[in-house]
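So the mapping is simple: the working numbering equals the position in the sequence shown, first residue as 1, plus 193.
Notes follow once the structure below has been shown.
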Amino acid sequence: MSMSRRNFLKTTLGVGIGAGMLGLGASLLPTTAAHAALTTREMYVFGTLVNLGAEGDAAHAQHTLDAIEQRFLLMNRDWHAWKAGELSTLNAALADGRSMAVSDELASLLRGARDAAQASGDLFNPALGKLIALWDFQSDVQQRGEPPAAQEIAALCTSAPRMSDLRIEPQKDGRQMVSSLNPDVRIDLGGYAKGVALDWALDHLAAEGLHNAVVNLGGNLAIAGQRDGRPWHIGVRHPQGEGVIAAIDAQGREAIVTSGTYERFREWDGQRYPHIIDPRSGRPATHVVSATVIHADAAWADAAATALVVAGTQDWPEIAARMGITQVMVIDAEGGVGMTAVMAPRVSFVGARPARVDVV
Ligand code: AMP
Ligand code: MG
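In structure tokens form, the structure reads like this:
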């Protein structure tokens, strides 16, 4: 591959992906000339740019990437928090105090999200849909305008909707019935569904015999195997400004998921209100600007990365430990970096070394 790094990032992985989204949390970095051909696909789904790549027979890889693309489009429809689909139908039922029979896929997604919420001490809380809508983050475009009224935020903090309020009960006819004990529960899987999609895609690639592959959902990335006999070379986006702050090599089956407050935010009066909400205050989390998690299970990594942004600079190690996550890199608003001891040896900083690097 003779393309310059700049061109590679731009053409193969894309930048500038729509209003409010300033870039990718992670990307694939070029390595030295590769010999094994990579069949690639680029699409826009889950509100972000998606890149797929697989080594192997090109026709078979194309066919498999087609199937993944189709499945992603269905997932995006069925699991969308505010556009017509199965999840928004469920949310409408919960708003009316009704129960609803859901597909097995949605039931298992909700169970997985509920387990992750519980493990995170409800810092990852996808039952917060009402608060996320109140802050106007359920939108394709970047929002401006005054933050919501303190009273409205306080009311939702008091009613404290949680995943543990959900009842997901198999019926005699095999259907899964979902209801909520709390009328304020609305499900928003924006912090989780991409991880589930990553796991599904790698499972599908493996089932098709494609064992060297990459799936990048707007910076939430999962890889399998190797690239041209070497580890995949991954870049973690700098949370302040463009470019890459660190490079990480990965191989086997790993997800590298980054949650960043820079990805989407609302602006008012010179202040930014990022899209990740702290369920305790009902307000955007601002102390941690980026949390990168490496873990074999992408869905769990996705939930954890969101939870660690909420947890903040003091508490993230405790929440990571509770979730069984050992590889974390957190960047705070001052540019300081915190890492777990397992993560530290895997991270090579690119460019100027951060002002502070703490290994905990
Ligand atoms: P992520 O990029 O994975 O951190 O996901 C961020 C998205 O998750 C937001 O755009 C919201 O849709 C949703 N979200 C915001 N705050 C939370 C939270 N505390 N727990 C779970 N999901 C959240
Ligand atoms: Mg997440």
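All C-beta atoms in this analysis are idealised placements derived from N, C-alpha and C, irrespective of residue type, glycine included.
Runs of the beta strand (DSSP E) lying entirely within the region 470–547 and spanning at least 3 residues, in chain order: 481–488, 520–525, 530–532 and 540–542. Look at the beta carbons and you see the region 239–252 touching the region 396–414: at least three pairs across the two are nearer than 8 Å. Alanine 496 places its beta carbon less than 8 Å from that of alanine 306. Fully enclosed alpha helix (DSSP H) runs of no fewer than 4 residues occupy 386–400 of the region 376–421, in order along the chain.
Under DSSP, the beta-bridge partners assigned to glycine 428 are Ser220 and Ala440. Rounded to whole angstroms, valine 378 and glutamine 344 show a C-alpha spacing of 18 Å. Excluding the 5 residues flanking it on each side, threonine 233 has same chain C-beta neighbours closer than 7 Å at Thr205, Asn244, Leu245 and Gly246, in chain order. Contact between the region 291–309 and the region 346–362 is present, with at least three C-beta pairs closer than 8 Å. In the structure shown, glutamate 248 adopts extended strand secondary structure according to DSSP, grouped into three states. By the neighbour-count criterion, in which 16 or more other beta carbons inside 10 Å mark a residue as buried, glutamine 263 falls on the exposed side.
Remark: the C-beta of threonine 282 is outside contact range of ligand 1, defined as less than 7 Å to any heavy atom. Look at the beta carbons and you see the region 420–432 not touching the region 271–283: under three pairs across the two are nearer than 8 Å. Annotated three-state conformation of glycine 305 is helix, per DSSP. When C-beta atoms of the region 364–376 are compared with those of the region 478–485, fewer than three pairs fall below 8 Å, so the two segments do not count as touching. Residue side-chain check: threonine 485 keeps its Cβ at 7 Å or more from all non-hydrogen atoms of ligand 2.
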